[in-house]
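The numbering of the sequence shown is the numbering used here, which starts it at 9 and goes up by one.
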Amino acid sequence: MIYLPSQVILEVTSACNLCCKGCAIHGPQHYVTRPMGTMEEKVWRTAIADIGSWGREVNLTTHGGGEPLLHPRLKEILTFAKSFPRLEIGFLTNGMLLDQDWSEFLVSLGLDWISFSIDGVFPETHRIVRKRSDLNVIEDNLSTLLDIKQNAGTQKPRVMLNMVAYDEVLDQRELFVERWINKVDSIMISHYRNPPDSKRWPLIPADRKPCFLLWSQMVIAWDGRLGLCCEDFNIDFPLGRVTESPLLEIWNGQEISRVRNMHERGEFDSHSMCRVCDTWADNIVHESKNEARGYRIIQKASQTVYSAL
Ligand SMILES: C[S@@+](CC[C@H](N)C(=O)[O-])C[C@H]1O[C@@H](n2cnc3c(N)ncnc32)[C@H](O)[C@@H]1O
Ligand code: SF4
Ligand code: SF4
């Protein structure tokens with residue numbers, strides 16, 4: 009049996025222009041020790057053409073542990089990816105560099121989704137948790153994108169926001185949702201994860217199940233190595249390399265099959281990274297409505313997602 013992922017994370021660059029408090033890669037803890045860099049053309053072209061040949065819908069995400077807008081050829085990468093009709097393309101961004109020219113490009117390209125990482129509503133606390141950022145610039149960039157999208161009369165890209173609930177901004181969660189709920193498609197409020205002990209959340213069921221990501225998510229680092237999953241920040245468990253073998257051969261190879269088998273046998277503690285990770289529970293969702301406020305709410309292990317009713 010050959011497994012195919014429904015999501016691929018393509019880390020076009022691991023470079024970043026910010027230094028966020030909790031970032032495993034660029035934060036003050038410097039938890040990640042692998043070398044930083046930017047994906048070469050041979051790697052991104054080979055990977056995207058390979059993914060595009062699978063003949064199935066795949067969500068292709070062009071961020072990883074860096075800021076995708078720092079890749080000097082991101083426009084070419086996105087345009088190439090868009091030439092494969094069954095790929096749904098999007099990325100997370102810190103929004104600092106997403107100027108009018110970028111927004112016009114993304115709307116005319118028909119990018120499927122984009123998510124801005126914005127932590128709260130006040131510039132003073134924002135620059136504490138997202139060091140080197142300027143909330144006013146990011147909010148202007150976001151508003152410009154929303155205007156361009158509206159003027160073009162298109163639904164794309166779907167615009168999402170992700171706020172990390174750091175202690176410094178915890179009390180801004182409601183203000184944040186109120187501020188953006190009627191302007192964007194959805195808002196995620198994510199638990200703060202404290203690296204390196206970053207993979208534990210409240211409200212995890214005791215009855216552990218195999219991790220859905222092992223069968224649904226492929227991760228490709230900037231240097232072409234495949235990691236085990238999105239929690240393998242440091243690529244400590246490489247599965248293979250894009251330019252050496254076809255992606256599905258790597259993703260159905262010995263190393264990942266060994267971890268899948270471990271999970272199927274319930275031996276979660278046998279893997280040092282899975283032992284301390286709660287991400288396996290992130291596909292358990294509880295949906296509710298807050299009619300009074302006009303929200304739909306999806307509660308997941310790692311985050312709460314709000315959208316307008
Ligand atoms: C690693 S970033 C990469 C993309 C881009 N540079 C950005 O910030 O959107 C991915 C997301 O993880 C979030 N994040 C960073 N550190 C976190 C932490 N300790 N806990 C939870 N989320 C975190 C960021 O705010 C961002 O939304
Ligand atoms: S902007 Fe993204 S990649 Fe950069 S430091 Fe912040 S969370 Fe990390
Ligand atoms: S349990 Fe965590 S570390 Fe293990 S495969 Fe799932 S996401 Fe990765």
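Even for Gly, the Cβ is constructed at its ideal location relative to N, Cα and C.
Asked	Found
Just to confirm before moving on: does the CB-CB distance between residue 176 and residue 137 stay below 9 Å?	yes
Between residue 71 and residue 46, how many whole angstroms is the CB-CB distance? I'm expecting something under 8 Å.	The pair is not a contact, with the Cβ atoms about 13 Å apart (cut-off 8 Å).
Taking the runs of the beta strand (DSSP E) that are 3 residues or longer, which of them lie wholly in the region 142 to 209?	166 to 173, 194 to 199
Report all residues for which the CB-ligand distance to some heavy atom of ligand 3 is below 6 Å; order them along the chain.	219, 221, 222, 236, 237, 239, 281, 282, 285, 287, 288
Please classify residue 12: does DSSP put it in a helix, a strand, or coil?	coil
What does the alpha-carbon distance come out to for the pair residue 238 and residue 13?	13 Å
Ordered along the chain, which non-local residues of its own chain (more than five positions away) have a Cβ less than 8 Å from that of residue 25?	75, 78, 102, 104, 105, 140
Give the single residue among 65, 64, 61, 120 whose Cα lies nearest to the Cα of residue 87.	120
Please list the terminal residues of the continuous beta strand (DSSP E) segment that includes residue 225.	225 to 228
I need the straight-line Cα distance from residue 297 to residue 305, nearest angstrom please.	6 Å
Hey, how far is the Cα of residue 311 from the Cα of residue 188?	17 Å
What separation, rounded to the nearest whole angstrom, lies between the Cα atoms of residue 172 and residue 211?	18 Å
Could you check if residue 179 is buried or exposed, using at least 16 other CB atoms within 10 Å of its CB as the buried criterion?	exposed
Ignoring anything shorter than 3 residues or poking outside the region 40 to 70, list the beta strand (DSSP E) runs there in chain order.	66 to 69
Measuring only the C-alpha atoms, how far is residue 64 from residue 51?	21 Å
Quick check on residue 61: buried or exposed, where buried means 16 or more other Cβ atoms within 10 Å of its Cβ?	exposed
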